[in-house]
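Chemist:
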Amino acid sequence: DQQVKQNSPSLSVQEGRISILNCDYTNSMFDYFLWYKKYPAEGPTFLISISSIKDKNEDGRFTVFLNKSAKHLSLHIVPSQPGDSAVYFCAASASRSGATNKLIFGTGTLLAVQP
Amino acid sequence: DAGITQSPRYKITETGRQVTLMCHQTWSHSYMFWYRQDLGHGLRLIYYSAAADITDKGEVPDGYVVSRSKTENFPLTLESATRSQTSVYFCASRFAGVDYGYTFGSGTRLTVV
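Protein chains in written order, with my numbering: chain A, 686 to 800; chain B, 88 to 200.
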């Protein structure tokens, strides 16, 4: 049972435009969400995170939005650059569960930014 | 060098063989994790460890064994490799506290023939 879902396996956008990557989750215990970026032959690297007490977090060109009622989050990249081309993973954890804050990852979205 | 290193980077093994993937971190992170990445499944947690001598199962632990006798090492062993275990394996570590996020190694691509 996939608790974190990324329904778009791939996304292609033009350089300079906005990239919007989506993520849905089913576990209402999740209260912390992260986005990771992964280049080929490398490990994932942390990009941005958001706590459930917020609905938006911004870091430069990257903004994450959280809609708790819809159990949905999205990552906006503005403006998109060719170097942003990578696989993006959404991840979630239930920090209040008392257990180890292990991350549950989605299936990933391959973003291709066309020059 | 400081960081988290995995070895080997690439491994081909035969069905039924035992194989161990190594993970070493130099930050003294208390938590360490093993994930596998497969097309259509994303990253799935195999095992994790909160400290030396403390390990627990993740989402897909069957066929794998871990140990953590020292804080800095977290080896993953496939006791009898199967073709379904062909995958890219990532080790990760972090300090206590979710705000820190995870730091991942570069991965081991394992092929079972």
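C-beta atoms are modelled at their ideal positions from N, C-alpha and C, and glycine is treated no differently. Note that the structure is a prediction, hence the values are computed from the model and not measured.
#1: Are the Cβ atoms of Ser870 of chain A and Gly701 of chain A separated by less than 8 angstroms?
#2: Quick test of your reading: Ile703 of chain A and Ile762 of chain A, contact by CB under 8 angstroms. State the CB separation rounded to the nearest angstrom.
#3: Specify the secondary structure class of Gln172 of chain B as computed by DSSP and reduced to three states.
#4: Give me, in chain order, the residues of the same chain whose beta-carbon lies closer than 6 angstroms to that of Tyr724 of chain A; leave out the 5 immediate sequence neighbours on both sides.
#5: Please list the residues of the stretch 168–197 of chain B that have a C-beta atom closer than 7 angstroms to any C-beta atom in chain A, keeping them in chain order.
#6: I'd like to know if the stretch 165–177 of chain B and the stretch 690–698 of chain A are in contact, where contact means that at least 3 CB-CB pairs between them fall below 8 angstroms.
#7: Going residue by residue through the stretch 121–178 of chain B, where are the continuous beta strand (DSSP E) segments of at least 3 residues, counting only ones entirely within it?
#8: Distance, Cα to Cα, Pro729 of chain A vs Trp121 of chain B?
#9: Gly90 of chain B CB to nearest chain A CB: under 8 angstroms?
#10: Would Ala716 of chain A be called buried (16 or more neighbouring beta carbons within 10 Å of its own) or exposed?
#11: From this set, A:Phe750, A:Gly768 and A:Thr711, which residue's C-alpha is nearest Trp720 of chain A's C-alpha?
#12: Under the three-state reduction of DSSP, which class applies to Ser115 of chain B: helix, strand or coil?
#13: Looking at the C-beta of Tyr151 of chain B, does it have a partner C-beta in chain A at a distance below 8 angstroms?
#14: Determine whether the Cβ of His116 of chain B lies closer than 8 angstroms to any Cβ atom of chain A.
#15: Give the residues from the stretch 725–742 of chain A that approach chain D closer than 8 angstroms (Cβ to any Cβ), ordered along the chain.
#16: Compare the C-alpha of Ile141 of chain B against each of B:Tyr118, B:Asp125, B:Ser180 and B:His128 and name the closest.
#17: I think Arg196 of chain B touches Tyr97 of chain B, with their Cβ atoms under 8 angstroms apart; what is that distance to the nearest whole Å?
#18: Sort B:Pro162, B:Gly127, B:Gln124 and B:Pro148 by Cα distance to Pro95 of chain B and report the nearest one.
#19: Let me check understanding here. Comparing Cα to Cα, which of A:Asn692, A:Lys690, A:Ser754 and A:Phe747 lies closest to Pro713 of chain A?
Modeler: Per the coordinate set shown:
#1: In the structure displayed, chain A extends from 686 to 800; residue 870 of chain A sits before or after that span and is not available.
#2: 7 angstroms
#3: helix
#4: Ala771
#5: Phe177, Val185, Gly188, Tyr189, Phe191, Gly192, Ser193 and Gly194
#6: no
#7: 129–138, 141–144, 151–153 and 163–165
#8: 13 angstroms
#9: no
#10: Reading off the sequence shown, one finds Asp at residue 716 of chain A, where the question assumed Ala. Asp716 of chain A should be labelled buried.
#11: A:Phe750
#12: coil
#13: no
#14: no
#15: Of the chains in the structure shown, none is chain D; the protein chains are A and B.
#16: B:Tyr118
#17: 5 angstroms
#18: B:Pro162
#19: Looking at the sequence shown, residue 713 of chain A is not Pro but Ser. Out of A:Asn692, A:Lys690, A:Ser754 and A:Phe747, A:Ser754 has the C-alpha closest to the C-alpha of Ser713 of chain A.
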